[in-house]
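A.B. asks:
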Amino acid sequence: MLFRILFGFMTATLVLPVVLILGTLIYKGGPMISVDFLFTNPVQGMTAGGIFPALLGTVWLVLVALLISVPLGVAAAIYLSEYAADNWFTRAINLAIINLAGVPSIVHALFGVGAFVIFFGFGTSILAASLTLAVMTLPVVIVATRESLQAVPYAFREACWNMGATRWQTIRRVVLPNAITGVLTGVILEVSRTAGETAPIMFTGAAFFLPFLPQGVFDQTMALSLHLFVVSTQVPGMPEQLPFGVALVLVGLVLLMNSFSIALRMYLRGKKKW
Amino acid sequence: MVAAVETRSAASLEISDLSISYGDTPALSGVSLSIKEREIFGIIGPANAGKTSFLKVLNRMDFFDSKMRVAGEVLFNGRDIRKVRNIYGLRRKIGVVFPLPVGLPLSVYDNVALAPRLAGIKNKADLNVIVERCLTRAALWDEVKDRLDSLGSLLSGGQQQRLTIARALSQEPELLILDEFSIAIDPVTTMRIEEVLKELKDEMTIILVTNLVQQARRLADRTAFFLGGSCVEIGITEDLFTGGQTDDRTRDYVMGRFG
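Structure representation (structure tokens):
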């Protein structure tokens, strides 16, 4: 009984910050939200008007990063879980993944500048920024997918192999369909992280202010996270409510993009039984 | 597809001096025996006798187990299985039923249709025929025909074990291996499956590994007694149970004195 109360109290303290943050954002930023705010360009040195270029830019960055890191991460997880022998090489890769997850995002940013902006010559662009974000979030996708692959009982694999299925046929028909919820978990975590990160994109593709919308992946773009930083600290004479509005839109966008994955995951979990 | 049933061949096995070890630990040593076409070959013996390791070699599951070392020769229909390039093709000829039922998390229909699909059969009508025939022969059709779309992993244990048998049959195997199939199912289901096996014997070779000596007696034409990693004795099943043993350990085991 004592522990029940104790753990319940601890859980409540975890929920409290979430409630406070969301409450503040909605209370202060809520009045900012309007169709004009969402879908027009900023004007008067960003102190008025909307945030459409930043909103669209974040969507671009997240989607391109997902397109890169999900196939790569899932493939790596399949290799590590289903093919790799347990030897020093595999252990080295696993160690590298853990280390990659621990690298601070500003270091990823500098890596992105060196590798994608300069070496590959993508310039400061959506592509370079998304690649940087993708590298940064790869461990999330790999670990989430690998864990869910390994949660699929070994007996299922054996049953398939005994039928004459190759490793790949077994993965495609039985293992992966039962691990797809883990992939979606990885995607959800990645979207949240990607949309919110500021450091990795500010040197690689996100712009302070742009008077036009990006036309392709080789253009620079504005982004909500950087825009939030800018309107909060870099522009004098900013209306007090505006940063809260931007933050609320950022949180809402992440929730919106994740709601699709969450709904799909709930649907698939309902079907999964063994 | 239907015509293939009558003309199908059954497997014969010739095993000589087979030894298996895991790392430095031996699991089986120097086993030589032959298994004839269309017989039920029983293997009895207590735990750790090397029975399951023996089975794993037959369909080259050692290929997926890097710790397993195998020496000796196994001829499947006269071909050395250790030299078979296409081990997937070999495995398709060998159906396996495990101690614990494994209903794959697919629908009942897809469970049985999986092996034919892997073999490249796509035609829905052909698949329907195969699924119905295999489920019927595994004595499960009447119970599941109205819910072929429900998950195989949600059936009861006894039903799942029959589903596993139906799945093994869908490979049109020449050899059916059952590894202590009745360990997790009720006696009634066990008897039903035993009846099924007696009928299947006309079409394929069956290896029946069992802990229950009486089950071997009911079903097997010939029986081998494995003990502690070697094969003690092989003989006509009835002889082993009626005083025709040549080894005292066999007599003690079949009479229930140890094991």
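One line per chain: the protein sequences are F and L, in this order.
Quick note, the numbering used here runs 2 ahead of the 1-based positions in the first sequence.
Quick note, the numbering used here runs 741 ahead of the 1-based positions in the second sequence.
All C-beta atoms, glycine included, are put in the ideal place defined by N, C-alpha and C.
Which of the three DSSP states, helix, strand or coil, is assigned to Glu974 (chain L)?
C.D. replies: Strand at Glu974 (chain L).
A.B. asks: For the segment 808-832 of chain L, list every residue whose C-beta sits within 8 Å of some C-beta in chain F, in sequence order.
C.D. replies: Answer set for the segment 808-832 of chain L: Tyr829, Gly830, Leu831, Arg832.
A.B. asks: Under the three-state reduction of DSSP, which class applies to Glu814 (chain L): helix, strand or coil?
C.D. replies: Strand.
A.B. asks: Cβ of Phe805 (chain L) less than 8 Å from any chain F Cβ?
C.D. replies: Chain F contact via Cβ: present.
A.B. asks: Tell me, which residues are paired with Asp821 (chain L) by DSSP?
C.D. replies: DSSP, once it has assigned bridges, lists L:Leu816 as partnering Asp821 (chain L).
A.B. asks: Arg267 (chain F) to Val185 (chain F), Cα distance in whole Å?
C.D. replies: Each residue's alpha carbon lies about 9 Å from the other.
A.B. asks: Count the other CB atoms within 10 Å of the CB of Asn827 (chain L); is the residue buried (16 or more) or exposed (fewer)?
C.D. replies: Exposed, by the Cβ-count rule.
A.B. asks: Return the CA-CA distance between Pro47 (chain F) and Leu74 (chain F), expressed in angstroms with no decimal places.
C.D. replies: Checking the sequence shown, residue 47 (chain F) turns out to be Gly, not Pro. Going by the C-alpha atoms only, they are around 40 Å apart.
A.B. asks: Let's see if you can read the secondary structure: which residues bound the beta strand (DSSP E) around Glu755 (chain L)?
C.D. replies: Taken as a continuous stretch (DSSP letters only), the beta strand (DSSP E) holding Glu755 (chain L) covers 754-763.
A.B. asks: What are the boundary residues of the beta strand (DSSP E) that includes Thr946 (chain L)?
C.D. replies: Counting along the chain, the beta strand (DSSP E) containing Thr946 (chain L) begins and ends at 946-951.
A.B. asks: Can you pull the chain L neighbours of Trp163 (chain F), defined as C-beta to C-beta under 8 Å?
C.D. replies: The contacting residues are Met802, Phe805, Arg832.
A.B. asks: Which residue's Cα is closest to the Cα of Leu910 (chain L): L:Asp927, L:Thr877, L:Gly783, L:Leu816?
C.D. replies: Among L:Asp927, L:Thr877, L:Gly783, L:Leu816, the Cα nearest to that of Leu910 (chain L) belongs to L:Thr877.
A.B. asks: Based on DSSP bridge pairs, tell me the residues matched to Arg963 (chain L).
C.D. replies: Arg963 (chain L) is bridged to L:Phe782, L:Ile977.
A.B. asks: Mind listing which residues of the segment 900-927 of chain L have their C-beta closer than 9 Å to chain F's C-betas, in chain order?
C.D. replies: From the segment 900-927 of chain L, only Thr905, Arg908, Ala909, Ser911, Gln912, Ile918 have a Cβ closer than 9 Å to chain F.
A.B. asks: With burial defined as no fewer than 16 other Cβ atoms inside 10 Å of the residue's Cβ, what is the status of Gly239 (chain F): buried or exposed?
C.D. replies: Gly239 (chain F) is exposed by the Cβ-count criterion.
A.B. asks: On the DSSP bridge list, what partners appear for Met1038 (chain L)?
C.D. replies: Coverage of chain L is limited to positions 742 through 1000, which leaves residue 1038 (chain L) absent and any answer about it impossible.
A.B. asks: Specify the secondary structure class of Pro73 (chain F) as computed by DSSP and reduced to three states.
C.D. replies: Helix.
A.B. asks: Hey, could you find the ends of the beta strand (DSSP E) Val21 (chain F) is sitting in?
C.D. replies: No beta strand (DSSP E) holds Val21 (chain F); the alpha helix (DSSP H) holding it covers 4-26.
A.B. asks: Report the rounded CA-to-CA distance for Asn864 (chain L) versus Ala854 (chain L), giving the unit in angstroms.
C.D. replies: Going by the C-alpha atoms only, they are around 11 Å apart.
A.B. asks: Taking DSSP as the reference, what is the three-state secondary structure of Thr223 (chain F)?
C.D. replies: Here Thr223 (chain F) sits in strand by DSSP.
A.B. asks: Distance cutoff 8 Å, beta carbons only. Does Gly272 (chain F) sit that close to anything in chain B?
C.D. replies: Checking the listed chains, one finds no chain B in this structure; the protein chains it contains are F and L.
A.B. asks: Spatial neighbours of Leu286 (chain F) within its chain, please: CB distance less than 7 Å, with the 5 preceding and 5 following residues excluded, ordered by chain position.
C.D. replies: The structure shown does not extend to residue 286 (chain F), since chain F is modelled only from 3 to 276, so the question has no answer here.
A.B. asks: At a CB-CB cut-off below 9 Å, which residues of chain F make contact with Val849 (chain L)?
C.D. replies: Going along chain F, no residue has its Cβ under 9 Å from Val849 (chain L), so there is no contact; the nearest lies around 13 Å.
A.B. asks: Got a sec? Which residues, its chain only, sit under 8 Å from Ala86 (chain F) by beta carbon, not counting five neighbours each side?
C.D. replies: Same-chain partners within the cutoff: Thr92, Ile95.
A.B. asks: Given a limit of 9 Å on CB to CB distance, which residues of the segment 162-189 of chain F reach chain L?
C.D. replies: Answer in chain order: Cys162, Trp163, Asn164, Met165, Gly166, Ala167, Thr168, Arg169, Gln171, Arg175, Val176, Pro179, Asn180.
A.B. asks: Mind checking whether Pro840 (chain L) and Ile784 (chain L) have CB atoms under 8 Å apart?
C.D. replies: No, these two residues do not count as a Cβ contact at 8 Å.
A.B. asks: In chain order, what residues of the same chain have a beta carbon less than 6 Å from the beta carbon of Asn952 (chain L), not counting five sequence neighbours either side?
C.D. replies: Cβ neighbours of Asn952 (chain L) beyond the five flanking positions: Glu921.
A.B. asks: Could you pull out every unbroken beta strand (DSSP E) segment of at least 3 residues lying fully inside the segment 102-174 of chain F, listed in chain order?
C.D. replies: Here no run is fully enclosed.
A.B. asks: When the Cβ atoms of the segment 158-178 of chain F are set against those of the segment 846-862 of chain L, are three or more pairs found closer than 8 Å?
C.D. replies: Yes: at least three Cβ pairs fall under 8 Å.
A.B. asks: So, for Pro33 (chain F): in the same chain, excluding its five sequence neighbours on each side, which residues have a beta-carbon less than 7 Å away from its beta-carbon?
C.D. replies: Cβ within range, chain order: Gln243.
A.B. asks: Kindly indicate if chain F contains any beta-carbon less than 8 Å away from that of Ala745 (chain L).
C.D. replies: Unreliable positioning characterises Ala745 (chain L) in this predicted model, as indicated by a pLDDT of 47, which lies under 50. A coordinate reading is not provided.
A.B. asks: For Leu178 (chain F), which option in F:Val237, F:Ala153, F:Ile108, F:Trp163 has the closest C-alpha, if you only look at C-alpha atoms?
C.D. replies: Closest by alpha carbon: F:Ala153.
A.B. asks: Along the beta strand (DSSP E) that carries Asp920 (chain L), what are the first and last residues, could you check?
C.D. replies: Taken as a continuous stretch (DSSP letters only), the beta strand (DSSP E) holding Asp920 (chain L) covers 916-920.
A.B. asks: Is Val837 (chain L) helix, strand or coil when you go by DSSP?
C.D. replies: Note: Val837 (chain L) maps to strand in three-state DSSP.
A.B. asks: Spatial neighbours of Leu226 (chain F) within its chain, please: CB distance less than 8 Å, with the 5 preceding and 5 following residues excluded, ordered by chain position.
C.D. replies: The answer, listed in chain order, is Ile53, Ala56, Leu57, Gly59, Thr60, Ala197, Val248, Val251, Leu252, Leu255.
A.B. asks: Distance check for Arg958 (chain L) and Lys942 (chain L), CA to CA, integer angstroms please.
C.D. replies: Cα to Cα, Lys942 (chain L) sits roughly 15 Å from Arg958 (chain L).
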